[in-house]
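**Q** My questions will all concern the structure given below.
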Amino acid sequence: MPYAEGKVKRSDMNLRPHIPRLRSKLLAWYDSSGRTLPWRIRPEDRDAGEQANPYAVWLSEIMLQQTTVPHATPYWEAFLTKWPTVRELADAAQDDVLAAWAGLGYYARARNLHKCAQLIRDQYSGEFPQTEQALLKLPGIGPYTAATMAAICFNEATNIVDGNVERVIARLHAEDAPLPKSKKLLAGLAAPIADPDRPGDYGQALMDLGATICTPRGPDCPNCVWSFACQAFKDGNPEDYPVKIKKNRPIRYGAVFALMHDGRVLLRKRPDDGLLGGMLELPGTDWGDAYPETPLMFAPMKRNWEKCDAPVKHVFTHFELWLEVFRAEGDGGAGLWVPFDDMTDYPIPSLTKKAILQALKN
Ligand code: SF4
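Each residue of the sequence shown is one higher than the one before, counting from 282 in the working numbering.
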């Protein structure tokens, strides 16, 4: 991302003389103490002749959006075992990709992943394009992923900014403009510090600093290589940054119906577009501002429905969902009967699994 000259903050001007030292100290710290991750080519790996695999890096970056390294790693390994190349992923059935993704959430991401793989197979001869601008045109690849892939895989001098980087940069400058509005401002403050000679290592180093030293709570400032220039450290209040506008998540309510028979549960497929698109769910009501007053009117068929003791609660990015769960024994009904023991073979999101578990408990 080009750095917008013109309106330059005073803190930015104060920091500029420190830029060479900020870069060299961070890279030296990364060389000795940066994280080893399964998809990462560390400097010593590169010295031994290894190169970043764009497919593996891309998978990791898409999976790591909104989840942690320990949670994403087994999924990343499973994808690479099942589909070792982008062509093999492109040739897979979408339902198989969604099933392998189940548990990572944000299923639009899995559909875009598959779409992107097919585009790379069909329009790019199975090779990822090699510039930030070209990567940005692919489905599911946003500014952060494009900048990261271009820097790590193709050595392009980009400005990699994720949540970790925003936090470090906000503290370094004691920048109090609140997120999310200050995203552009923080990216602008990050850009002149980015190292053009080792862009991939620099970006990964800064993300590591945010993940392991400059953590949201209890940053380890005495052991931070940037403390010499950090304004929030000097002021003694790093945890005050970044400033965030607090939003209350609205709650939406609904009811679902678990019809069970012979070790199986009846599910239906959600429409391909939208939230949890293409995934399997229990039949249920729409989601509204209150629980439905007469939920049994919406039951998929007449049965002796029993209400479970407690609702299932699930947090999405923009709202929380509370679902009453009704259960009944019996067969029949339209949909897909899925055996409890084989649920991992089907594209079943965590929300549906939670509701099934609730029905089984009662
Ligand atoms: S000195 Fe502290 S607040 Fe500043 S960048 Fe380092 S860890 Fe973060």
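Cβ coordinates follow ideal geometry from the N, Cα and C atoms, glycine included.
Between the beta-carbon of L296 and the beta-carbon of A510, is there less than 8 angstroms?
**A** Indexing the sequence shown from 1 puts residue 296 at position 15. Indexing the sequence shown from 1 puts residue 510 at position 229. Result yes, Cβ atoms of L296 and A510 sit closer than 8 angstroms.
**Q** Consult DSSP for W618 and reduce its assignment to one of helix, strand or coil.
**A** What you label residue 618 is simply residue 337 of the sequence shown in a count that begins at 1. Looking at W618 - three-state DSSP - the assignment turns out to be strand.
**Q** So, helix, strand or coil for I343, using DSSP?
**A** For the purposes of this step, residue 343 is taken as residue 62 along the sequence shown, with counting starting at 1. Three-state DSSP puts I343 in a helix.
**Q** Closest Cβ-Cβ distance between N585 and chain B: below 8 angstroms?
**A** The structure shown contains no chain B; it is built from a single protein chain.
**Q** Are G558 and R549 touching if we call contact CB-CB under 8 angstroms?
**A** By one-based count along the sequence shown, residue 558 stands at place 277. By one-based count along the sequence shown, residue 549 stands at place 268. Not closer than 8 angstroms, so no.
**Q** Taking the alpha-carbon positions, what's the W364 to D376 distance?
**A** Position 83 of the sequence shown holds residue 364. Position 95 of the sequence shown holds residue 376. The alpha-carbon atoms of W364 and D376 are separated by roughly 14 angstroms.
**Q** Is L307 close to ligand 1? I mean its beta-carbon at under 7 angstroms from any heavy atom of the ligand.
**A** Translated into the one-based positions of the sequence shown, residue 307 becomes position 26. Checking every heavy atom of ligand 1 against the Cβ of L307, none is found closer than 7 angstroms.
**Q** Determine the direct distance from the alpha carbon of D590 to that of F226, and round the result to whole angstroms.
**A** Given a span of 282 to 643 for the chain in the structure shown, any question on residue 226 remains unanswerable.
**Q** What is the C-beta distance between H395 and V378, in whole angstroms, given that I count them as a contact (C-beta under 8 angstroms)?
**A** Position 114 of the sequence shown, counted from the start, is the residue given in the question as residue 395. Position 97 of the sequence shown, counted from the start, is the residue given in the question as residue 378. Correct: roughly 5 angstroms between the Cβ atoms.
**Q** Apply the 10 Å Cβ neighbour rule to E331 and answer buried if 16 or more other Cβ atoms are within range, or exposed otherwise.
**A** Start at 1 with the first residue of the sequence shown, and residue 331 comes out as number 50. Classification for E331: exposed.
**Q** My output table needs one value for I474: the three-state DSSP class, helix, strand or coil.
**A** Residue mapping note: residue 474 aligns to position 193 of the sequence shown, counting from 1. I474: helix per DSSP, three-state reduction.
**Q** By DSSP, does H395 sit in helix, in strand, or in coil?
**A** In the sequence shown, residue 395 corresponds to position 114, counting from 1. H395: helix per DSSP, three-state reduction.
**Q** Could you pull out every residue in the same chain whose Cβ sits closer than 8 angstroms to the Cβ of F600, ignoring the five residues on either side in sequence?
**A** To locate residue 600, count along the sequence shown from 1; it is residue 319. Contacts found: R530, P531, I532 and R533.
**Q** From E605 to L547, what does the alpha carbon distance come to, in whole angstroms?
**A** Taking the sequence shown and counting its residues from 1, the one referred to as residue 605 is at position 324. Taking the sequence shown and counting its residues from 1, the one referred to as residue 547 is at position 266. Straight-line Cα distance between these residues: approximately 17 angstroms.
**Q** Apart from the five residues just before and just after P459, which ones in its own chain have a Cβ nearer than 7 angstroms to its Cβ?
**A** Counted from its first residue, the sequence shown places residue 459 at position 178. Hits under 7 angstroms: V524, K525 and I526.
**Q** Less than 8 angstroms between the C-beta atoms of L561 and G611, yes or no?
**A** As a position in the sequence shown, residue 561 is number 280, starting the count at 1. As a position in the sequence shown, residue 611 is number 330, starting the count at 1. In this structure, G611 does not lie closer than 8 angstroms to L561 by Cβ.
**Q** Only counting runs of 4 or more residues, tell me where the alpha helix (DSSP H) segments fall wholly within the region 492–545, in order along the chain.
**A** 512–516
**Q** For a minimum of 4 consecutive residues, which ranges assigned as the alpha helix (DSSP H) are wholly contained in the region 289–331?
**A** 291–296, 300–314 and 324–328
**Q** Where DSSP assigns a beta bridge to P549, which residues make up the other side?
**A** In the sequence shown, the residue the question calls residue 549 occupies position 268. A small correction: the amino acid at residue 549 is Arg; Pro does not occupy that position in the sequence shown. DSSP lists E562 as partners of R549.
**Q** CB-CB under 6 angstroms to L556, same chain, minus the five flanking residues each way: which ones, in chain order?
**A** Locating residue 556 in the sequence shown gives position 275, counting from the first residue. Answer for L556: no residue qualifies.
**Q** So which of I450, P410 and A451 has the shortest CA-CA distance to F435?
**A** Stepping through the sequence shown from its first residue, residue 435 is reached at position 154. The option with the nearest alpha carbon to F435 is P410.
**Q** For the alpha helix (DSSP H) that contains L632, what are its first and last residues?
**A** Against the sequence shown, residue 632 aligns to sequence position 351. Segment S631 to K642, the alpha helix (DSSP H) holding L632.
**Q** Spatial neighbours of G635 within its chain, please: C-beta separation below 7 angstroms, excluding the five flanking residues on both sides.
**A** Residue 635 sits at position 354 when you count from the first residue of the sequence shown. Residue identity check: residue 635 is Lys in the sequence provided, not Gly. If we look at K635 and ignore the five residues flanking it on each side, its Cβ neighbours are V593 and H595.
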